[in-house]
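First up is the structure itself, then whatever we jot down about it.
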Amino acid sequence: MKTADVDRPAFSEFPDMVRISIRLPREWIFSLSWTVDAYEGIGFVRTDDALQGTVSLFCPIEQEGEVLALLEALRKEGIPLEVTERRGASSSRGTRRYFLGEREKEEDSEFF
């Protein structure tokens, strides 16, 4: 079955979620998905195209900073992943590109 044959909810069906598009070698997709799943409540990974190594990571708006920090840590550990896009939900800040290592400074730094 091809990826296009699978019925998937549209991004707009997740109104309080942020979608982070990621490209990585396909052999790393399971590891990324497993790692995100291990952090219960932080988000979930959906494979968009396994052959191309593209996935979407969905997370609650409130968890975006933690998810981006996790992706940066995984990249530093040797997982060759690239964040290609970050798309906010309808109530968030909109669409913007995000590159690991260029994280914006958090206003509320008491947690870091």
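Counting in the working numbering, the sequence shown runs from 4 upward without gaps.
All residues carry an ideal CB built from backbone N, CA and C; glycine is no exception.
Since the structure is predicted, the reported quantities are computational estimates derived from the model, not experimental observations.
Asked: Sorted by chain position, which residues of the same chain lie with C-beta nearer than 8 Å to leucine 77's C-beta, five sequence neighbours on each side aside?; Found: Leu35, Thr38, Leu84
Asked: Just the C-alpha distance for isoleucine 23 and glutamine 66, rounded to the nearest angstrom, thanks.; Found: 12 Å
Asked: Which residues bound the alpha helix (DSSP H) around leucine 74?; Found: 67 to 79
Asked: Do you know offhand how far arginine 49's Cα is from glutamate 75's?; Found: 19 Å
Asked: How close, in whole Å, do the beta carbons of isoleucine 25 and valine 58 come, if the pair is a contact with beta carbons under 8 Å?; Found: 5 Å
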